[in-house]
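This report concerns only the one structure given below.
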Amino acid sequence: MPRPGPALGTDDTGCPILHVDMDAFYASVELRERPELRGVPVIIGDPGARGVVLSATYEARRFGVHSAMPMTRARRLCPRAVVIPPSRHKYAEVSRGVMEIFRSITPDVEPIASDEAFLDVGGARKRLGRPAVIAAAIRERVVREHGITCSVGVAGSKFVAKLASQHCKPDGLLVVPAGEVVDFLHPLPVAALWGVGERTERSLVRLGIKTVGDLAHTPVDALRRELGQAAGTHLAELAWGRDPRPVRADVPDKSIGAEETFATDVGDPVEIRRELLRLSERVAARLREGGHVGRTVSVKLRRADFSTITRSRTLREPTDVARDLYTVACELYTASGLGRTPLRLVGVRVENLRSAAETPRQLGLDEREKGWREAERAMDRAARRFGRDVVLPASLVRPPFDEIDL
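Residue numbers (UniProt numbering): 1 to 406.
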């Protein structure tokens, strides 16, 4: 479970922006499979002479090791560190899963790296609660579903939310109430501001500016003369916590998927197929909602030890029909050869997306003109009006009480 994070304040009114950042992302992913290295300095990167550090555990960071540092220097600083070559496919897989968690909360997600993103949860309050509650739920899901931790900053702007997540690392949650932004910002070193690199910091220090508060109380004209019109104005605004930029979620989807982590490991193929059906329904609904169809269907099957199998198949024709996705997902699960191996997580994903409106549909020889697609669209309309679980496939409807033989 994630540890309770420090809280500057508890009032998250007017704080719809979350910045979620994985903790030592690459290293944390590796430690899932090598738990004996927890508490040991670990560096991720090419161990060769020309390699650079991609990630380091906090134990290694205490020796001064950081990302982008030459590996030779990192090993001099921390000679006892364990160096692990990167497994980029694993990091990409976990990144997709984490972003999927974010998008299950709100469509307003702006990824800024494989391991961090901004979320605007203002539209999710009625459904999921206050921003701080949503932030705590995200942290819990990341741990439960992916075995790594993250830190979350909650604030009224992107800039302050990002500073908050950095401030509470690792494995923390920090709310910066709208009325306490200045108190939070002004004691920080001026290098904390976006746009202040080494050269700019030297220029500011020459002016006697060492903290954000110093900069905030420096006349804007003086900043503009020293740094230029745009940079001076920008930093003056940030020093008072003013950052009007919205969360931009306008990056086109490359794939759509859904995953489920079981409360306890499941080895019963009947239960796993039932979950594959439920996930296929969710993915198909999201495809139709976004106006997409897709050709490549993949399944993710994660064992209890976090080892993961993925299998995929490309269809002859793109689809947005849950029945099609489910059929392929079950075939891929059967072909995996896992049998009754207990699984921790299963997932269904569709890739090779294209616009449904621009994709001609061909009927099969035995396919009626109106069939499963129309039935599922009717389910969509019912879900929008009455809720997602009002109309379900019969195999997903559980009896309200235990059946009794009479």
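For every residue, glycine included, the Cβ atom is placed at its ideal position computed from N, Cα and C.
Item                                                                                                                                                                 : Value
Assign Thr314 to one of three DSSP states: helix, strand, or coil.                                                                                                   : strand
Counting beta carbon pairs with one atom in the region 130-139 and one in the region 93-111, are three or more of them shorter than 8 Å?                             : yes
Please confirm whether Ala263 and Ala239 have their CB atoms less than 9 Å apart.                                                                                    : no
Using CA coordinates, which residue listed in Gly97, Ile17, Glu351, Thr233 is at the minimum distance from Val175?                                                   : Ile17
Taking the alpha-carbon positions, what's the Val52 to Gly197 distance?                                                                                              : 21 Å
Please give the ranges of any alpha helix (DSSP H) in the region 238-301, keeping only runs that are unbroken, at least 4 residues long and fully inside the region. : 269-290
Using the beta-carbon count (16 or more within 10 Å), is Ala68 buried or exposed?                                                                                    : exposed
Whole-angstrom Cβ separation of Glu259 and Glu100, contact assumed at under 8 Å?                                                                                     : 6 Å
My assumption, with CB atoms under 8 Å, is that Pro342 sits in contact with Val266. Please give the rounded CB distance.                                             : 6 Å
Quick check on the burial criterion: 16 or more other C-beta atoms within 10 angstroms. Buried or exposed for Pro131?                                                : buried
Count the other CB atoms, across all protein chains shown, that sit within 10 Å of the CB of Ile272; report buried if there are 16 or more and exposed otherwise.    : buried
Alpha carbon to alpha carbon, how far is Gly291 from Pro47? Give it in angstroms, no decimals.                                                                       : 46 Å
Hey, quick one: how far does the beta strand (DSSP E) through Gly153 stretch, first residue to last?                                                                 : 150-155
Does the region 312-331 touch the region 220-233, meaning 3 or more C-beta pairs lie closer than 8 Å?                                                                : no
Just curious, the alpha helix (DSSP H) that Glu59 is in, first and last residue?                                                                                     : 58-61
Once the 5 residues before and after Ala329 are set aside, which same chain residues still bring their CB inside 7 Å of it?                                          : Leu276, Ser280, Val297, Val299, Val348
So, helix, strand or coil for Thr308, using DSSP?                                                                                                                    : strand
Using a 10 Å radius around the Cβ and a threshold of 16 neighbouring Cβ atoms, would you call Arg141 buried or exposed?                                              : buried
According to DSSP, simplified to helix, strand and coil, what is residue 421?                                                                                        : Outside the shown range of the chain (1 to 406) lies residue 421, about which nothing can therefore be said.
Using DSSP bridges, identify the partner residues of Ser55.                                                                                                          : Ile44
Go to Leu173, then tell me how far its beta strand (DSSP E) extends in each direction, as first and last residue.                                                    : 173-175
Spatial neighbours of Leu37 within its chain, please: CB distance less than 7 Å, with the 5 preceding and 5 following residues excluded, ordered by chain position.  : Leu31, Val82
Does the Cβ-Cβ distance between Leu287 and Val346 come in under 9 Å?                                                                                                 : no
Of the residues Glu180, Asp268, Ala56, Ala161, which one's Cα is nearest the Cα of Pro244?                                                                           : Ala161
For Gly347, report the span of its beta strand (DSSP E) as first-last.                                                                                               : 343-355
In this structure, does DSSP put Leu363 in helix, strand or coil?                                                                                                    : Caution applies to Leu363, whose pLDDT of 47 falls short of 50 and renders its modelled position unreliable; the model cannot decide the point.
For Lys370, name the three-state secondary structure that DSSP assigns.                                                                                              : At Lys370, the pLDDT of 48 sits below 50, so the modelled position is not reliable; the number obtained from the coordinates is stated separately. Coil, per DSSP.
Do the region 20-31 and the region 108-122 meet, that is, are 3 or more Cβ pairs less than 8 Å apart?                                                                : yes
Find the nearest neighbour of Arg76 within the set Ser95, Leu163, Ala49, judged by alpha-carbon distance.                                                            : Ala49
Does Lys254 pass the burial test, meaning 16 or more other C-beta atoms within 10 Å, or should it be called exposed?                                                 : exposed
State the Cα-Cα distance for the pair Lys370 and Ala124, rounded to the nearest angstrom.                                                                            : Note that Lys370 has pLDDT 48, beneath the 50 cutoff, so the model's placement of it is unreliable and the number below is only indicative. Lys370 and Ala124: Cα-Cα distance of roughly 35 Å.
Below 7 Å CB to CB, which residues in the same chain sit around Ser336 once its five sequence neighbours on both sides are set aside?                                : Leu301, Ile309, Arg311
What span of residues does the alpha helix (DSSP H) with Met71 cover, start to end?                                                                                  : 71-77
Rounded to whole angstroms, what's the CA-CA distance from Ala284 to Leu325? Just pull it up for me.                                                                 : 8 Å
Compare the C-alpha of Ser87 against each of Arg80, Arg96, Ala27 and name the closest.                                                                               : Ala27
Is it buried or exposed, Pro177, if we count other Cβ atoms within 10 angstroms and call 16 or more buried?                                                          : buried
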